[in-house]
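Line order of the protein sequences matches chains A and B. So the first sequence is numbered by full-length UniProt numbering: it starts at 1 and just counts up by one. So the second sequence is numbered by full-length UniProt numbering: it starts at 1 and just counts up by one. Backbone N, C-alpha and C fix where the C-beta goes; we use that ideal spot for every residue, glycine too. Being a predicted model, the structure only gives us computed values, none of them experimental.
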Amino acid sequence: PHLTDPCPNPWGLRSCRMDVEVETTEAGASRKRRVHGMLKMYYGMNEEGKADQPDSADPCDINGQNFDPDVYLNKLRRECSLGELMDQEGCMVKQIRSLDSDMQTLVYENYNKFISATDTIRKMKNDFKKMEDEMDCLTTNMAAITEFSASISGTLQDQHTQITKLSGVHSLLRKLQFLFELPARLNKCVELQAYGQAVSAHGRARCVLQQYSHLPSFRGIQDDCLLIMDGLRLQLRQRFRDGGSSAKDLSECVELLLQLDEPAEELCDKFLNHAGARLHLDLTGLEAEIPPPPAPTDILEFMDRGCNEFVSSLCLVVTSYQELFVSHAPAGAPGDVPRMASAKLQVFVDELAGRYFSIVERRIQGERGVGDNSLLVRALDRFHRRLQAVSKLLPGSTVPARGTQIVVRAATERVQRYLEALKSFYLDTLTDVRQALAAPRLSVAGGPGGLTPGGGLPDLLASLSASILNQIKAVLASVHLFTAKDITFSNKPYFKGEFCSRGVREDLVVSFIQFICQSSRGFCDSPGDKGGATPPALLLLLSRLCLDYETSTISYILTLTDEQFLVQHHSPVTPVTVLCAEAREAAQRLLNHYVKVQGLIISQMLRKSVETRDWVNTIEPRNVRAVMKRVVEDTTSIDGQVGLLYEEGVRKAHSSDSSKRTFSVYSSSRPQPRYAASYTPSAPMDTNLLSNIHKLFSERIDIFSSVEFNKVSVMTGIIKISLKTFLECVRLRTFGRFGLQQVQVDCHYLQMYLWRFVSDENLAHFLLDEIVGSTAHRCLDPAPMEQSVIEVICERG
Amino acid sequence: MEDDAPVIYGLEFQARALTAQTAETDAIRFLVGTQSLKFDNQIHIIDFDDENNIINKNVLLHQAGEIWNIGASPADKAVLTTCYNKNIATCALCVCVCVCVCVCVCAAACDSRVVSCASVWRMPCDWETGSSHESPDDSAHNPQTLELLCHLNDSAHGNASSVLWEPMGDGKRVISLVDNHALLWDLQESSTQATVSSTVTLEGKGQLKFTVGKWSPHHNCSQLATANDTAIRGWDLRTMSQIYCIENAHGQLVRDLDFNPNRQYYLASCGDDCKVRFWDVRNVQEPVKSLEEHSHWVWSVRYNHSHDQLVLTASSDSRLILSNMVSISSEPFGQLVDDEELSDGEDAQPSDKVKEPLTDSVVSTYEEHEDSVYAAEWSTADPWLFASLSYDGRLVINRVPRALKYRILL
């Protein structure tokens, strides 16, 4: 009502709406659809409710509701040129015309349909009237039929009852005949051992006999039957008791006995007892195969036998038992029989499985050799697979879980054993290396302890690390079998997660690396502390090995492990850096210990040489003492040894002729004023002045300090230790004139040869200087030797 | 809390021998013996004035020879023993003659030999007063001489390496270690006469030699510990028999020993393997504790006399290290503090947080020395003060850091 129709409609609103409804029922052509769409759009607002406000308020929208022709016209006139206006007009006229014709067609079509509908309705009215008459006729006929049928059934009633009675008597007679024949039939069945038939026949007759037992004839039959059945029962029991009968026979017996109303519980027990006895027999057979018999069967064969004999017959027993007592619960038995029966079965299976598992575990533990893991894995796989069958039979059973636990235990134990094997392999390899190190020493005559040239050191190192790596790889490959795809238990969560990360990575690989580091450290803390059992070359070798581990091998091994086992780190694992740090520390300690041991060996020589000599009454030096030559020789050979395994390292640059230059420093220029000062009693303090001033400008020397991983640092460490010992020993002695001169010669000799080994030659100079200085102090008659003479002696030596 | 700076005193000669004047309990006084082959050796009496941080010295001449070991009598302030080397040029001949004629000829042909002796000395009674009225220069130039009481020499034995006084005794008994013998001497008639009352001899292969010994202050002073090479041995002085032996106590030579003054079975040792080890002599298989702080041989180890957790070690790496070994001291480990604080109540609560339990640790490292430090001693008068002596003749007097001192005391 609030709408003002903008477009004058010649046919009125109502008729148009009707048209629309009619049209929607027809599957219209595309043109009609379009028209329909346009119309719907035009009337849409009306359909959806009067309250709906038009959303487009544009008065210029020719299809819109608020179309205002004046505005539209004005707009057109304003905006368009004459040509466009003309076009617009033509277009509009065309559209209006087509709309009009569409409308007309629609109205005509609908009109025709109305007319035909009116005709149809009129025709129907006539037809109904005729039908009413026919229906009345039908009703009367039906009433007559009913009457007739009632009379017929009344006449037939008597005969029918008679027939029924007769057929009843007949069946009764048949039954009676069956009853009378029953004892004979039963006897025959028993004779033929057709127990099944007998039992079913008796079962059929039993109720009847029971019911009519008050009649003497029936009573007789019943007594006969009972007698026969008792005999039958006895026979069945006999057969049941008889151990020789097969499982199938047994189950048949039990079935029959159950039908004979024997108590189910007793039968359960008996059945299980029987089965148990046979299974235990199997187990005893298995047990007999556990080592040590003279020739133990291999584990796969053992497992096969276990599976085939024990597990399969256990499955058979379980199946038949379940059929007998659980699923086919005997009719009329108390309701809790299946429950009782399955409880018994559970206990039975648990007990047997327990024994079986303990046997299997003993057998697995007997498998000590680490050679072929695949056999064990396959055996375990078979074991595990067969137990799955049990789990299918007995869904609630703990047996498969316990089986899996056994597999898990076996796997962890295996890993442990592999770790042990790796450790012992490592120790064996070390022993081999030791022997290899010791062997050439015998051939080199007079080679001092551990100072052999050791030409094979790099080879030894290479072979050592290669063999360890190979061993690790081999072990990883064997352990990897546990997680192979075709092994049933490999997809258990334990084997996917914990076994890989905890078991293999941590307990095997990481533990082994830690063991290497630990045992290496063990060499450093040998209680004797004198180098003792460990040859120095081994220390050096191990130190290099640990260093190599730190730089590359550890990360390589761990990456290898992670890749092979696809380790997903659920639990925190030892990171590579920690292991590397450990290895580095071990390497450092070993190298420090090496320096200490070698330094000690040289120190010991020097100390002995100083302590055992009477320095006061010695003769004029003509030679460098043999000890010094030994010291230089040993140092050179140590240098060679270290050079084989460690890089050169950096040293402070020195002049082209170091031996000469420094020689002048400590012997010619400095000692002179020092000795001169000591002759003047007025200024005794001067004695120390020079050396103190020297010390002020030199750094403090740490003798037993950590060394770096290079040759020069190692050699510097050894020489420092040796020279410091020399110094301390000299200070404890008193020297004569020639004693001092001998020390001078010795020191010069050392100077000539040792400077090349140390990182900072000034260090060696300083220490040698100290030695000569201290000797001069400890000298009763300090008259130093001529520099040229010293040089001549040393050159000659 | 600032710690007092160390006080340094320089001797003219090299020196190895240092001891506190044991009988002196009021003044802080140390005795230093010098080593010089060319000049008359001296004994420096170093008095330390704690309040003014000043050192007073007195010098006594020790003309017999260079001093390797010095020991002060526990009873008489003026009595001390020394071990010294004597250069015998010609006078040694008379000793040699009786031994062997050929040696005698040889000695006459060559020039000299060195013999180690041990003697008991008395300081001249007026050394203290003498220095007070004379000017210091005079006393340095004209030092008084020690008065010889007796020689601890036995012609049957060789070179003396050290002399031990009976701890806390009456100054009548000393032990001298001579080569492989330990001789127990009775000093009589105000120490002017000494007689050997018993001896212990170490038998074994090779040339065995006692390097150092220590007289235990426990068990009524009836035990002695000695070191030879790498082994430490304990001796019962009543029966003169060995009671325990720690084989391989150190990887190399054992340089020094000291008994814990409060725990009778505890013993500290140090040696050429740079380690300091603590032993319970009832278990000789393994040390109770082992320290490796020094970077060269450790020459001396000393327990503080009253607070046995404080251990002083001197090494030829020129360092002196003071360690706090709480875990093996006689003071209850981490318990005493708690008890006190429980009784103290709320007032102690704030300080409770400051005092975390003490652990074994190096208290401090003293680097004042430039040369090897061969001796270190605690003062007998002030338990917080100690002296150390390096080969170049530098004596350094140091104190325990105050923070630690207060932690131990409070």
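Assuming residue i and residue j form a contact by the criterion Cβ under 8 angstroms, report the distance between their Cβ atoms to the nearest whole angstrom.
i      : j      : result
B:G10  : B:G393 : 6 angstroms
A:D639 : A:M752 : Not a contact, Cβ separation roughly 15 angstroms.
B:L31  : B:I45  : 6 angstroms
B:D256 : B:V212 : 6 angstroms
A:A583 : A:C546 : 5 angstroms
If you measure between the beta carbons of residue i and residue j, is that distance less than 7 angstroms?
i      : j      : result
B:Q144 : B:L208 : no
B:W235 : B:P167 : no
B:S176 : B:L149 : no
A:S543 : A:L590 : yes
A:S379 : A:M303 : Per the sequence presented here, residue 379 of chain A reads as Ala, with Ser not at that position. Yes. Within cutoff.
A:L286 : A:R355 : no
B:P261 : B:D308 : yes
A:L437 : A:L540 : no
B:H67  : B:A17  : Looking at the sequence shown, residue 67 of chain B is not His but Ile. Yes; because the gap between Cβ atoms is below 7 angstroms, this pair is in contact.
B:E247 : B:A231 : yes
A:V595 : A:V707 : yes
B:S319 : B:E377 : Strictly speaking, residue 319 of chain B in this sequence is Arg, with Ser absent from that position. For B:R319 and B:E377, no; Cβs fall outside 7 angstroms.
A:T429 : A:L469 : no
B:D258 : B:V301 : yes
B:R238 : B:Y265 : no
A:N735 : A:T775 : Here residue 735 of chain A turns out to be Phe, not Asn, going by the sequence shown. Yes.
A:C794 : A:L768 : no
Does DSSP classify residue i as helix, strand or coil?
i                      : result
B:S161                 : strand
B:G271                 : strand
B:Y266                 : strand
A:Y108                 : helix
A:Y646                 : coil
B:N220                 : helix
A:N710                 : coil
B:A118                 : strand
residue 412 of chain B : In the structure as shown, chain B starts at 1 and stops at 410, and residue 412 of chain B therefore has no counterpart that could be examined.
A:H765                 : helix
A:V573                 : coil
A:Y494                 : helix
A:E413                 : helix
B:Y391                 : coil
A:E351                 : helix
Taking all protein chains shown into account, do 16 or more other C-beta atoms lie within 10 angstroms of the C-beta of residue i, making it buried, or fewer, making it exposed?
i      : result
A:V93  : exposed
B:R402 : exposed
A:S424 : exposed
A:V169 : exposed
A:E367 : buried
B:T81  : buried
B:K275 : buried
A:T155 : exposed
A:C137 : exposed
A:P395 : exposed
B:S290 : exposed
B:D170 : exposed
A:S552 : exposed
A:I152 : exposed
A:I299 : buried
Please go through the region 525-566 of chain A and give each complete alpha helix (DSSP H) segment of 4 or more residues, from N-terminal end onward.
-> Within the region 525-566 of chain A, the complete alpha helix (DSSP H) runs of at least 4 residues are 536-548 and 554-565.
Counting only runs that start and end within the region 567-621 of chain A, where is the alpha helix (DSSP H) found for 4 or more residues in a row?
-> Restricting attention to alpha helix (DSSP H) runs no shorter than 4 residues, the region 567-621 of chain A encloses them at 576-611, ordered along the chain.
Start-end ranges of the alpha helix (DSSP H) lying completely within the region 152-215 of chain A, minimum 4 residues | 195-211
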